[in-house]
Each structure stands twice: as structure tokens, then as C-alpha cells.
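Residue numbers (the UniProt record's numbering): 1 to 55.
Every residue gets a Cβ at the ideal spot worked out from N, C-alpha and C, and that includes glycine.
Source: prediction; values computed, not measured.
Right, one structure below, let's go through it.
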């Protein structure tokens, strides 16, 4: 799964269950997507879940 956080949007790619799980995780940290986008470090973030699970 990959998550790209850009200046004005968030793009997620992966399997449906991976995206739902990641949205639940981020939902615990940010109440609104607007909060997530306005966080101080407003840069692109790439997360590859499969690599983390293989370790």
C-alpha cells in the first residue's frame, strides 16, 4: 500500500482492506482530513506497508 500526502490532497493506493485499515489508523490521529493536510510537515510522504510486514 502507498500513501501520498500532497499539499491539497491525499492519494492512497492498495487493496481495499489496506486502505480501510490505514484510514482507521489516521482517523485516530486526525479528526478531519483538513487537519491531516494542514499539519506542519506539509510534504509528500510515501509509506510502503508490504515492506514493513515482511520484516
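Which residue wins for smallest C-alpha separation from residue i, given the options the options?
i          : options      : result
residue 38 : 10, 17, 2, 3 : 10
Which same chain residues end up closer than 6 Å to residue i when comparing Cβ atoms and leaving out the 5 residues on each side of it in sequence?
i          : result
residue 8  : none
residue 30 : 36
Just to check, is the beta-carbon of residue i closer than 7 Å to a non-hydrogen atom of the ligand GDP?
i          : result
residue 34 : The ligand GDP is absent from the structure shown, which contains no ligand whatsoever.
Between which residues of its own chain and residue i is the CB-CB distance below 8 Å, once the five residues before and five after are set aside?
i          : result
residue 26 : 36
Taking 7 Å as the limit between beta carbons, can you name the residues of its chain near residue i, skipping five residues before and five after?
i          : result
residue 57 : In the structure as shown, the chain begins at 1 and stops at 55. Residue 57 is therefore absent and cannot be evaluated.
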